[in-house]
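Chemist: Shown below is the structure under consideration.
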Amino acid sequence: MANSRLLEAVPALVDRALQGDRRSIARLISRVEDGGPEAWSALSLIYPRTGRAQIIGVTGAPGTGKSTLVGEIAKLYRKSSPALTVGIVAVDPTSPFSGGAVLGDRIRMRDLSGDEGVFIRSMATRGSLGGLARSTTDVVKVLDAAGFDVIVIETVGAGQSEIEVARTADTVIVVEAPGFGDEVQAIKAGILEIADILVVNKADRDGAQSTVNALHAMLDLGTAPHGLLHHGVLMPSVIPTPAKSDERWQPPILKTIASQGHGIDEVITAVAHHRAFLAAQPEGQQRARLRASMELETILRETLLDRLLQSVGADRLNALIDQVVARTIDPYSAADQLQRAAVQA
Amino acid sequence: MDKKIRVLIAKPGLDGHDRGAKVIARALRDAGMEVIYTGLRQTPEMIAEAALQEDVDAVGLSILSGAHLTLLPRIVNLLRDKGLNDVLVFAGGIIPDEDIAPLKAAGLTAIFGPGTNTDSVVEFIRGQFQTA
Numbered sequence: 057m058a059n060s061r062l063l064e065a066v067p068a069l070v071d072r073a074l075q076g077d078r079r080s081i082a083r084l085i086s087r088v089e090d091g092g093p094e095a096w097s098a099l100s101l102i103y104p105r106t107g108r109a110q111i112i113g114v115t116g117a118p119g120t121g122k123s124t125l126v127g128e129i130a131k132l133y134r135k136s137s138p139a140l141t142v143g144i145v146a147v148d149p150t151s152p153f154s155g156g157a158v159l160g161d162r163i164r165m166r167d168l169s170g171d172e173g174v175f176i177r178s179m180a181t182r183g184s185l186g187g188l189a190r191s192t193t194d195v196v197k198v199l200d201a202a203g204f205d206v207i208v209i210e211t212v213g214a215g216q217s218e219i220e221v222a223r224t225a226d227t228v229i230v231v232e233a234p235g236f237g238d239e240v241q242a243i244k245a246g247i248l249e250i251a252d253i254l255v256v257n258k259a260d261r262d263g264a265q266s267t268v269n270a271l272h273a274m275l276d277l278g279t280a281p282h283g284l285l286h287h288g289v290l291m292p293s294v295i296p297t298p299a300k301s302d303e304r305w306q307p308p309i310l311k312t313i314a315s316q317g318h319g320i321d322e323v324i325t326a327v328a329h330h331r332a333f334l335a336a337q338p339e340g341q342q343r344a345r346l347r348a349s350m351e352l353e354t355i356l357r358e359t360l361l362d363r364l365l366q367s368v369g370a371d372r373l374n375a376l377i378d379q380v381v382a383r384t385i386d387p388y389s390a391a392d393q394l395q396r397a398a399v400q401a
Numbered sequence: 007m008d009k010k011i012r013v014l015i016a017k018p019g020l021d022g023h024d025r026g027a028k029v030i031a032r033a034l035r036d037a038g039m040e041v042i043y044t045g046l047r048q049t050p051e052m053i054a055e056a057a058l059q060e061d062v063d064a065v066g067l068s069i070l071s072g073a074h075l076t077l078l079p080r081i082v083n084l085l086r087d088k089g090l091n092d093v094l095v096f097a098g099g100i101i102p103d104e105d106i107a108p109l110k111a112a113g114l115t116a117i118f119g120p121g122t123n124t125d126s127v128v129e130f131i132r133g134q135f136q137t138a
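Protein chains in written order, with my numbering: chain L, 57 to 401; chain A, 7 to 138.
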C-alpha cells in the first residue's frame with residue numbers, strides 16, 4: 057500500500073536511532089517491519105550493536121492478563137532502577153480476511169505513558185503463525201541496538217503452538233490463569249515446555265491453587281530428577297537459586313495479581329536468576345547457537361524460496377499447481393521439477 | 007514490501023463513551039489497516055507520544071465531552087512539536103458545525119459527525135495515502 061510520506065535514507069535513520077532519537081527508532085522499526093532489501097541493509101548496520109539487552113518473552117492464552125503483567129514488569133524495572141530503560145514489543149493478530157488489525161495492548165499499559173525510559177511498539181502478525189510477526193525478532197534488534205536494557209515481547213496468545221518466542225527471548229514467561237484448562241491441558245506438549253518461568257496470574261480467583269498444583273505435577277513429571285518427586289506433597293513456590301554445573305533449570309511457578317501489582321518482584325527476581333543460570337551454564341551458549349542457526353535457516357528458507365520462484369516464473373508454477381490439482385503429478389515431483397528448472401535457469 | 011496504513015485511534019479527555027471509537031477502529035481494520043487503540047481518558051501528551059512510538063500515518067480522535075476546541079488543537083501542536091508534521095489528524099464525535107472551521111484552521115484535516123458512514127472514513131484515509 058503506497059504511503060505519501062517521504063522515506064529518509066537508511067544509514068542516516070540508523071545513525072539517529074542508535075543515538076536514541078525516539079522518532080527515528082519508531083521509523084526504523086517501520087522500515088524493518090515492512091521488510092525488503094532496505095530492511096536487510098538496516099539490520100546489517102545495527103547488528104554489531106545488538107546482543108546487549110535482556111530479552112524477556114511473555115506468552116499465554118488470551119485473557120490470562122499478559123498485557124497487564126508486561127506493563128507491571130516494565131513499571132517495576134523502571135522503579136527499581138531509573139537508569140534501566142525498557143522496550144516493549146506487543147504482538148496482536150492480523151485478520152486473515154482483511155489484512156488489517158486492531159492492536160490494543162497499550163490499553164493495559166497506560167501507566168507507562170509519559171515515561172521517557174519506556175518505548176512501546178504494537179505489531180500485527182501480518183500473516184505469520186506461532187505467536188510473533190515474522191519481523192518481531194528484527195524489531196527487537198532495533199530496540200536492543202538503540203540501547204534499551206530490557207526488552208519485553210508480548211505474544212499474540214493464540215495458545216498451544218506459540219513457541220516462536222522461545223527463539224527470540226532469553227527468558228520465556230508463560231502466563232496461566234485459574235480456570236484456563238485442566239490438568240490434561242497442562243500435560244499437553246508445546247507451550248509449557250518453553251516456559252522458563254510459569255506465572256499463575258489472577259491468583260486471587262477461585263482455583264488458583266489447583267492451577268498451581270496442576271503445573272507442579274506436570275513439571276515434576278517432565279523434568280525432576282529421581283528422588284526429588286514429592287509424592288502427594290506439593291512444594292511451596294520457591295525460586296531455584298542459580299544452579300551448579302550440569303543442573304537443569306527448574307521453572308519456578310509464581311502467583312501474581314498483575315492488576316494490583318502483586319507478586320511482580322518475585323517474577324523479576326526469577327528472571328534475574330534465570331539470566332544468571334544461563335550465563336553460568338553451557339545451556340546459555342547452546343541456546344544462543346541454536347537461536348542463531350534457526351534464524352539463519354528461516355532467512356535462507358525465505359530468500360531461497362523467493363529466488364526460486366522468481367527464476368521459475370509464475371506461469372510454470374501455476375501450470376504445475378494445476379497439474380497437482382488434477383492429480384496428474386504429485387506435489388513432491390512438482391517441487392522437484394521446479395528445483396531442477398531453477399538450477400538450469 | 008508489506009506496507010500497511012497505521013492509524014492511532016484515541017479518546018482524549020474525560021468522557022467514558024468509546025463505542026464510536028471502537029466502531030471506527032473495526033471499520034479501519036476491515037479495510038486492511040493496522041489500528042492502534044489506546045483506550046479511554048488519554049491526555050494529549052499520551053496520544054502524541056503513542057503516535058510517535060507507533061509511527062502512525064494518521065491519528066483519529068473521538069471526543070464527546072465538548073472539550074474539543076481545547077484538546078484537539080493541543081494534540082496537533084504536540085504532534086508537530088515532536089516532528090510528526092506529516093501525520094494526518096482527523097476527529098469524530100459531538101462537534102458543532104461552527105467549531106469545524108476553527109478546528110480545521112488548527113490543523114485537523116477532517117471532522118466526522120454523528121451518523122457518518124464508516125465507509126466514508128475509510129475512503130477519506132485511503133484517499134490521503136493513495137497518491138504516492
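C-beta atoms are modelled at their ideal positions from N, C-alpha and C, and glycine is treated no differently.
These numbers come from a predicted model, not from an experiment.
#1: If you measure from the beta carbon of T44/A to each beta carbon in chain L, is any gap under 9 Å?
#2: Tell me which residues share the same chain as L159/L and place their Cβ nearer than 8 Å to its Cβ, disregarding the 5 neighbours each side in the sequence.
#3: Answer yes if the region 113-133 of chain A comes into contact with the region 91-100 of chain A, meaning at least three C-beta pairs across the two stretches below 8 Å, and no otherwise.
#4: Residues of the region 47-63 of chain A in Cβ contact with chain L at a cutoff of 7 Å, in chain order, please.
#5: In chain L, which residues lie less than 8 Å from V41/A when you measure between Cβ atoms?
#6: Between which two residues does the beta strand (DSSP E) holding K311/L run?
#7: Candidates M39/A, G72/A, V127/A and K17/A: which alpha carbon is nearest T49/A's?
#8: Drop a sphere of 10 angstroms on the beta-carbon of V399/L, count the other beta-carbons inside from all chains shown, and report buried for 16 or more, exposed for fewer.
#9: Could you give the residue range of the beta strand (DSSP E) that holds I30/A?
#10: Assuming L67/A is part of the beta strand (DSSP E), what are its boundary residues?
#11: Is DSSP giving G121/A helix, strand or coil here?
#12: Could you check where the alpha helix (DSSP H) with I325/L kicks off and where it finishes?
#13: On the DSSP bridge list, what partners appear for L159/L?
#14: Check the DSSP bridge columns for V142/L and list the partner residues they point to.
#15: Of all the CB atoms in chain A, is at least one closer than 9 Å to the CB of A273/L?
#16: For T267/L, name the three-state secondary structure that DSSP assigns.
#17: Based on Cα-Cα distance, which residue from E60/A, V41/A, A33/A and M52/A lies nearest to V13/A?
#18: Quick check: is the beta carbon of K10/A nearer than 9 Å to any beta carbon in chain L?
#19: In terms of residues, what are the limits of the alpha helix (DSSP H) holding L63/L?
#20: Assign D252/L to buried or exposed, taking buried as 16 or more other Cβ atoms, counted over all protein chains shown, within 10 Å of its Cβ.
#21: Over what stretch of residues does the alpha helix (DSSP H) that includes I85/L continue unbroken?
#22: Give a yes or no on whether 9 Å exceeds the smallest Cβ distance from A68/L to chain A.
#23: Does any CB atom of chain L fall closer than 9 Å to the CB of D67/A?
#24: Using a Cβ-Cβ cutoff of less than 6 Å, which residues in the same chain neighbour G173/L once the five nearest sequence positions on both sides are dropped?
#25: Buried or exposed for Q366/L, please, with buried defined as at least 16 other CB atoms from any protein chain shown within 10 angstroms of its CB.
#26: What residues of chain A sit near G170/L, judged by a beta carbon separation below 9 Å?
#27: Is it right to say T193/L is buried, meaning 16 or more other beta carbons lie within 10 angstroms of its own, or is it exposed?
#28: In angstroms, rounded to a whole number, what distance separates the CA positions of V198/L and S137/L?
#29: Taking CB distances under 9 Å as the criterion, tell me whether A107/A reaches chain L.
#30: Along the region 90-103 of chain L, where does the CB come closer than 8 Å to a CB of chain A? Name the residues.
#31: Name the residue from G22/A, P108/A and R47/A whose alpha carbon lies nearest to the alpha carbon of R162/L.
#32: Go through its chain and collect everything with a Cβ distance to A225/L's Cβ below 7 Å, but skip five positions before and after it.
#33: Would you say R86/A lies against chain L (beta-carbon separation less than 9 Å)?
#34: Let me know if E37/L comes out buried or exposed under the rule of 16 or more other beta-carbons within 10 Å of its beta-carbon.
#35: Tell whether a beta-carbon distance below 9 Å holds between G213/L and A117/L.
#36: Go ahead and label Q316/L buried or exposed: buried means 16 or more other beta carbons lie within 10 angstroms of its beta carbon, across all protein chains shown.
Modeler: With the structure as the only source:
#1: yes
#2: A146, D148, S178, M179 and A180
#3: yes
#4: E51, M52, E55, A56, L58, Q59, E60, D61 and D63
#5: G156, A157, V158 and L159
#6: I309 to K311
#7: K17/A
#8: exposed
#9: Not the beta strand (DSSP E): I30/A falls in the alpha helix (DSSP H), residues R25 to D36.
#10: A64 to I69
#11: coil
#12: With the sequence shown as reference, residue 325/L is identified as Thr, and Ile is not the correct amino acid for it. Residues I320 to A336.
#13: I42/A
#14: V174/L and V206/L
#15: no
#16: helix
#17: V41/A
#18: yes
#19: Where L63/L is concerned, there is no enclosing alpha helix (DSSP H), given that its DSSP letter is neither H nor E.
#20: buried
#21: R78 to D90
#22: no
#23: First, the amino acid is wrong: residue 67/A is Leu here, not Asp. So no, L67/A is outside the interface.
#24: R134 and T141
#25: exposed
#26: T49, E51, M52 and E55
#27: buried
#28: 22 Å
#29: no
#30: D90, G91 and G92
#31: R47/A
#32: I111, I112, G113 and I209
#33: no
#34: Nothing about residue 37/L can be reported from this structure: the residues present for chain L run from 57 to 401 only.
#35: yes
#36: exposed
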